[in-house]
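Working notes, structure below.
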Amino acid sequence: MKAIYRKYRREWSVLIALFVTIILFSILEPSYLSATNVATIITQSVTYGLMGIGMTCVVITGGIDLSVGSALALVACIGAQLAKAEVPIPIWVLICLGFGFLLGVFNGFLVGKLKLQAFIGTMGTMQIYRGIGYVITGGYPVLNVPRSYRNVFNFKLTSTITFSVVVFFLFAVVITFVLKKTKIGSYAYAVGGNEDAARLSGVRVERTKMLIYGIGMMGTTLAALIMISRLGTGDPSTGQGYELDAIAAAAIGGTSMAGGRGNIFGTVIGAVLFSALKVGLVVMGVDTFYQYIVTGVVIVIAAYIEIIQGTMLAKKSN
Amino acid sequence: MKAIYRKYRREWSVLIALFVTIILFSILEPSYLSATNVATIITQSVTYGLMGIGMTCVVITGGIDLSVGSALALVACIGAQLAKAEVPIPIWVLICLGFGFLLGVFNGFLVGKLKLQAFIGTMGTMQIYRGIGYVITGGYPVLNVPRSYRNVFNFKLTSTITFSVVVFFLFAVVITFVLKKTKIGSYAYAVGGNEDAARLSGVRVERTKMLIYGIGMMGTTLAALIMISRLGTGDPSTGQGYELDAIAAAAIGGTSMAGGRGNIFGTVIGAVLFSALKVGLVVMGVDTFYQYIVTGVVIVIAAYIEIIQGTMLAKKSN
Amino acid sequence: MEKYIEFEHITKVFPGQKALDDLSFSVLKGEIHAILGENGAGKSTLLNILHGVFPATEGEIRIDGKKAEFSSIADSIEFGIAKVHQEIVSIPEMTVAENLFLGKEPSRHGIIDKKKMNLETEKLLGRLNCDIKPTDRMGELSTGQKQMVSIAKALETEAKVISFDEPTSSLSDKEVETLFQIIRGLKEKGITILYISHKMNEIFEICDRASILRDGMYITTLDMKKTDRDEIIRAMIGRDTAMFAQRTMPSQRKGEKPVLEVENLCGDAFENVSFQLYSGEILGFFGLVGAGRTEVMRVVFGADPYKSGKVLLNGKELHCRSPRDGINSGIALISENRKEEGILPNFNNMDNMSLPCLDKFMSGAVISTKKKMDNAKKKGSMVGLKPNEPEFMTASLSGGNAQKVILARWMSTDASVMIFDEPTKGIDIGAKAEIYLLMEKMAAAGIAIIMVSSELTEVIGMSDRIYVMRDGKMTMELKRNEFSEEKILNYTVEGDET
Amino acid sequence: EAELPGADVAEQGYDFYDQAVSYNDLKDTLGAIPKIDDEITLGFATKTFENEFWRMEKDGAEAGAKLFQDAGYNLTMDVRGAQTESDEEGQLTLLMDMVNKGYDAVLVSGISEANLVPGMEAAMEAGIDLTTVMDAFTPYATTTVGAWHYQAGVQGAEWIYNTIGEKGQVACITGLSQATAAQARTKGFQDFYEDKDGIEVVAVQNGDWDRQKAYDITETLLQQYPDLAGIYCNNDTMAMGAVEAVIAAGSDCVVVGTDGTSEATDSIKAGELDATVDFFPNVMAEIAVEMQVRKLAGEELPKVIYAPQSIRDGGNVDKSFEEIFGYAYNPEFAQ
Ligand SMILES: Nc1ncnc2c1ncn2[C@@H]1O[C@H](COP(=O)(O)OP(=O)(O)OP(=O)(O)O)[C@@H](O)[C@H]1O
Ligand SMILES: Nc1ncnc2c1ncn2[C@@H]1O[C@H](COP(=O)(O)OP(=O)(O)OP(=O)(O)O)[C@@H](O)[C@H]1O
Ligand SMILES: [Mg+2]
Ligand SMILES: [Mg+2]
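Protein chains in written order, with this note's numbering: chain A, 20 to 337; chain B, 20 to 337; chain C, 109 to 606; chain D, 301 to 635.
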């Protein structure tokens, strides 16, 4: 038990933060825990969660991907255009995923092969992807995606939960598996932990980065497809600043920005925590100006809980 | 000569990128190199440059400060309010600088003392500072700052150059001196280069971080004061996304996001490069959508020039 | 002489691990006091507590009768305690002088006097006979050179106590000699010195007394003049052991054709290096710090590019562009620098061991934890890892045990050519013997072994042949019957080129 | 699949819808507002309060609600804003919350044309009527009460045209946003000059709705085109930045903004900003509330109602709404 606790202490601390948030809100506003509201929280966490999972992969290698918000918009526009062109649905999904993967691989190429700093390289593609999105759409949202395409990710499982939630959890499971059980996952952690040592142990660092940036971008691609489904629109200006939310979900979930450490479960909880917080502030009708302050304070506290958790644990076992 | 070249190769590469940009633009649009236009480029680089210099300090310690955009707005609002309350000018400047310094020190406290990850800690204060700015102003820009205050940083030296440019270069010189010649500067590099080694050598890491985050925020504070001078207004919603521009200026200038490496000269050139690019795109009347793509490509190329520069040099010196 | 440093009932518990257990002894003023014990006995932990790196769980330390409790390293340095750390910790982007004076720069009003700093550095490095410029970037130095700088760093302070945690692990005898002269000079000035080493001859040469730890407990303190090797070793490991670097088997060299041939290889730090390696052979490479041995091995392995020349494996030319290529060809390189190039700090022992050859641990497309674990247990016990727990984080191991994990990693790869760069660096005396035995067994199984080492006794004791390098050039090849310390040392400093 | 209420508007484009009606024309055809005795809860999911425009909308909606309360209606109004200009998910969250809470009708000002879709679908399913106020036209709402963006661009362009003597260089600083309003305003601006030979449109540049960026662009443009005669900005915040740059350069260039925020009108009074296209956001919101109540009472209304908008310059900045349009907003209640 203690061993399990120790192994997952990062996940515990963000779970604690999540529970505290939920309990506080439901004391302050009993309707907070209504079924529809919980469904809203989960549904809203899907976008950040998927993007956060992808970001976690990239951050584990010691990198970062600032282009995900722009890529979200670009994939959404192209996906919406293809859907309006009535591309057969399975091919549509595959093309979009493949395209998203390539956007990620290009980032990985800049960072791994050309050795650009991840921050600056993906800041460049953040602009490039955004620009391409505007150019191909002329700046206008791609409207009226046919229902059949919208239903792919958006059909209702219950009255309030859609298939997108399943996609989210499936993606989380698959990526957890990839990170924990496959070679590429091990290599990702190795590269993030100590790049030189990894290279000397035979890890092909460049290839690993390209693959991982590609895999990570699949999370954003799924988020884009779900966005098309939910909104029926591909909007070239959407997703601005989402990269920070994705990073926040990962970081709150215990992923170290220095690389080598992080896991998907923590990120998922981090995304749900974020969503629970946002929904809570809205349900309570907190003034938007104060929402900033509350959000900021919660981020700091959640991050700090993780730190004191670590210290307390070290003390207790003495 | 060669030694000088090697020592400053990072600065060279960004200088090369700057020259290439300028030459390209002036071929395409001869009026680009007019005296007034050059003055415009320099004037417009002041905000990003000052914030970039501060960011460089923080990044050298291995950190990052995402809160600078919000802090810019907060300091601008408070500065504008104090100016309207007719606080004596020297005291006004000192209070603002001190207040900015404290905002930075608080970030340094979270990162250094509480050991939060810089990314997540300053993402928290980014929200908090923004919220405070809105709350104290009620969301309204603080208008009609008296001329006497506006003239402090904005009086004209020539028909086109204002005092703000002098402030920019003075700040660059002072911070260069601090980083290269003083203990605290040396410690900043040491902490960023290898925090353990620095601590084992007796460097007080926490104190160093608090001070450096504080010093770094002075750049943002000066940018805020200059903004008040130029616009006559303290706007609580300004500065969103400026943190990325500040980081870009630093990174283009050769500062490593991993810490331990970077210098002010590079950042200054990086900021001017950015400004030259922006002005150039406007002067050429490039379509807004394509501006994104061009900007992204220039970022990537400028960063890549630095890399190939480094490799070529390493080869040649053998 | 009076008691100067008193350790009183020191206990230190790490999560899930008791590193020190109610330990008490004292050190006299102005003596050179050795702290001995097996890997993981708690030596570094004890010094780290003394230096304020972390606090003791229980107990206290008194210096000069006063309770010494440092809440940070900066405090202990201010108090006058200096330390050479076991792992080389330096700031690669800064110059040698900046590293040396970090935390205590000569300055006025916070402004650093760089000129003075460089001058002092030059003087200091001169005293240590090292060929390093104050303005060199730290990251460009070889491991041994970095070690010299960290020693210089401790000497430079005006400390009352200086402790050395395995200062000589990458140094050759020549440099060690210089270091000892300096340490004796410090002792004459009345400075108290704590000295950790696994090299028995050093202890006898320089130390006055030795305190011995075993499993975190204090065993005894011995006077070096009244004791001998055997007594010390018994106290350390509780039994007798043959620990001399001595071959137990005759040469296992097989075949007429070399397994590995290197012809006129030129790289960044060496020129025209040629040698042959035969199956079953243990080939020694000796040289002073910075001679270029590490560079040659990195090129052969594929970690660095080369300018010209050839590397042939079993007669076929190799073109290793990356370590992966080297590994796939059956070459393993155990790097000398375990912290920067060896350990993945975020991995546990089994993951650290399995990284180069994950293919071996797959069931289908999935990595099998069980296979990794089995391998880790097996290889861990072969190298005498303590604790031999596959899920223990490698970064929390003692220095010597971390080195053993790296050995175990490369033994997991089934390579046919094993290159050991300073293989016994930091390894305790009992385990050393086991590792020597292991190398012999590998050789007997037909593996070709290169052993780069700065320890002359080890090179002479274990090798079938020895190549000597100096300044990036091969200076001599010696057959076993030609080995002599004198000859070898001659070629390391001023030998003619072969 | 059922046709959405505003599908035909979407087809033609909000700014070009052939059956759109201006409130100025509509008001006389409307009768007294029918009395509703039931309790009414209205929501208003607006954009960010960081922008004064949306705070004015909020004030207007609350003032409108007050009129009804004073007239004896049992009406509650809940106005909430998204956190930032790009907080699309957050705005959806608050719409969802209003739907979950079972409001009778919701006024929406979407950040983008699409970000509120799931919430609006849920609202339709729950039989909650929607009215779009001002921004981001969406076919889910039965009625849209907002500015005629295209016309605003034309008005701004025309004012500049007349002021600078029908010839010279002009420029436009746009906002790039989720809502296509900016593009409609810009198009109106450009279309107006299409056949004006004396005018050269030298630049159309994105200022991101940001004061400092607009300042920088203006500064650059004035260097390149020292004779620049007029700048039209897609909103007032950018206009305020542009005006400072014009003053700093000592240029005679005129600056026209859009929105009619207090900052802009104050600046016009102070003689700095030249003009703005005022949308009278307070009145617009009051009209929207009125229309929503009428719909709840069962009245049929046009799908697109353009709220009153007018150029404000030095000549009429001190005039009230009534002085400008010849009537005061003062709805008539049935007894
Ligand atoms: N940070 C840590 N966390 C957990 N255990 C630790 C940590 N540091 C050291 N230990 C454990 O404490 C014990 C003593 O380690 P220490 O480094 O003091 O050994 P040592 O005597 O210096 O050995 P060596 O000769 O190999 O350097 C070891 O078992 C080690 O695994
Ligand atoms: N990364 C590097 N960049 C530049 N020079 C280097 C680098 N690594 C090593 N050198 C230089 O190459 C020379 C050979 O170093 P190498 O590490 O091969 O020596 P060595 O014989 O293994 O000695 P040591 O025992 O000190 O490791 C040294 O003089 C060193 O300064
Ligand atoms: Mg040790
Ligand atoms: Mg070596």
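In this text, a Cβ means the ideal position worked out from N, Cα and C, and glycines have one as well.
As the structure is a prediction and not an experimental result, all values here were calculated from the model.
Using 8 Å for Cβ pairs, my map puts residue i next to residue j. What's the rounded Cβ distance?
i, j, result
"Val-397 (chain C)", "Met-256 (chain C)", "7 Å"
"Gly-71 (chain A)", "Gly-289 (chain A)", "6 Å"
"Gly-252 (chain C)", "Leu-279 (chain C)", "6 Å"
"Glu-116 (chain C)", "Arg-322 (chain C)", "Not really, about 19 Å apart at Cβ, beyond 8 Å."
Please go through the same chain and pick out, in chain order, the residues whose beta-carbon is closer than 7 Å to the beta-carbon of residue i, but skip the five residues on each side of it.
i, result
"Asp-254 (chain B)", "Ala-92, Ala-95 and Pro-160"
"Thr-314 (chain B)", "Leu-296"
"Glu-622 (chain D)", "Ala-628"
Determine the direct distance from the alpha carbon of residue j to that of residue i, and round the result to whole angstroms.
i, j, result
"Leu-452 (chain C)", "Tyr-168 (chain B)", "56 Å"
"Leu-505 (chain C)", "Ile-114 (chain A)", "48 Å"
"Ile-345 (chain C)", "Gly-538 (chain C)", "7 Å"
"Phe-38 (chain B)", "Leu-208 (chain C)", "39 Å"
"Tyr-182 (chain B)", "Ile-61 (chain B)", "According to the sequence shown, residue 182 (chain B) is Phe rather than Tyr. Using only the alpha carbons, I get a separation of about 12 Å."
"Ile-390 (chain C)", "Met-405 (chain C)", "15 Å"
"Ile-531 (chain D)", "Ile-320 (chain A)", "47 Å"
"Phe-308 (chain B)", "Thr-252 (chain A)", "20 Å"
"Val-577 (chain D)", "Glu-325 (chain A)", "52 Å"
"Val-633 (chain D)", "Glu-357 (chain D)", "Checking the displayed sequence, the identity of residue 633 (chain D) turns out to be Phe instead of Val. About 22 Å."
"Lys-335 (chain B)", "Val-419 (chain C)", "Only weak support exists for where Lys-335 (chain B) lies, its pLDDT of 47 falling under 50; the value from the coordinates is given anyway. Taking the straight line from one Cα to the other gives about 25 Å."
I'd like the list of long-range same chain contacts for residue i, defined as Cβ closer than 6 Å, with 5 residues on each side in sequence excluded.
i, result
"Ile-266 (chain A)", "Met-74"
"Val-121 (chain C)", "Thr-165"
"Phe-625 (chain D)", "Pro-608"
"Ile-113 (chain C)", "Val-135 and Ile-171"
Residue i: buried (16+ other C-beta within 10 angstroms of its C-beta) or exposed?
i, result
"Arg-380 (chain D)", "buried"
"Glu-350 (chain D)", "buried"
"Phe-455 (chain C)", "buried"
"Met-20 (chain B)", "For Met-20 (chain B), the pLDDT reaches just 48, beneath the cut-off of 50, and the residue's location in the model is therefore unreliable, although a value from the coordinates is still provided. Burial call: exposed."
"Arg-485 (chain D)", "buried"
"Ala-473 (chain C)", "exposed"
"Ile-42 (chain A)", "exposed"
"Pro-275 (chain C)", "buried"
"Asn-337 (chain B)", "The predicted position of Asn-337 (chain B) is uncertain, since its pLDDT is 40 and thus under 50; a value taken from the coordinates is nonetheless stated next. So Asn-337 (chain B) ends up on the exposed side."
"Val-192 (chain A)", "exposed"
Can you find the residues in the same chain that come closer than 8 Å, C-beta to C-beta, to residue i, ignoring five residues on each side of it along the sequence?
i, result
"Tyr-403 (chain D)", "Thr-341, Leu-342, Gly-343, Asp-378 and Ile-428"
"Leu-129 (chain B)", "Leu-135, Gly-140, Thr-141, Gly-143 and Thr-144"
With 8 Å as the threshold, decide whether the Cβ of residue i is near any Cβ in chain E.
i, result
"Ala-473 (chain C)", "The structure shown contains no chain E; its protein chains are A, B, C and D."
> Using a beta-carbon distance cut-off of less than 8 Å, what residues from the region 506–518 of chain D approach chain B?
Replying inline: Asn-506, Asp-510, Arg-511, Gln-512, Tyr-515, Asp-516 and Ile-517
>> Residues of the region 448–463 of chain C in Cβ contact with chain A at a cutoff of 9 Å, in chain order, please.
In response: Glu-448, Glu-449, Gly-450, Ile-451, Leu-452, Pro-453, Asn-454, Phe-455, Asp-459, Asn-460, Ser-462 and Leu-463
>> Please identify, using Cβ separations under 8 Å, the residues of the region 216–249 of chain A that lie next to chain C, in order along the chain.
In response: Ala-216, Ala-217, Arg-218, Leu-219, Ser-220, Gly-221, Val-222 and Arg-223
> If contact means a Cβ-Cβ distance below 9 Å, which residues of the region 192–212 of chain A contact chain C?
Replying inline: Phe-196, Lys-199, Lys-200, Thr-201, Lys-202, Gly-204, Ser-205, Tyr-206, Tyr-208, Ala-209, Gly-211 and Gly-212
>> To be precise: take each residue of the region 263–297 of chain A, compare its Cβ to all Cβ atoms of chain C, and keep it if any distance is under 9 Å. Which residues remain?
In response: Taking 9 Å as the cut-off between beta carbons, the residues of the region 263–297 of chain A near chain C are Ser-275, Gly-278, Gly-279 and Arg-280, in sequence order.
>> Using a Cβ-Cβ cutoff of 7 Å, what residues of the region 419–433 of chain C are near chain A? List them in chain order.
In response: Ser-430, Pro-431 and Arg-432
> At a Cβ cut of 9 Å, what residues of the region 91–102 of chain B count as close to chain A, listed as they run along the chain?
Replying inline: Those residues of the region 91–102 of chain B that come within reach of chain A (Cβ to Cβ, closer than 9 Å) do not exist; the list is empty.
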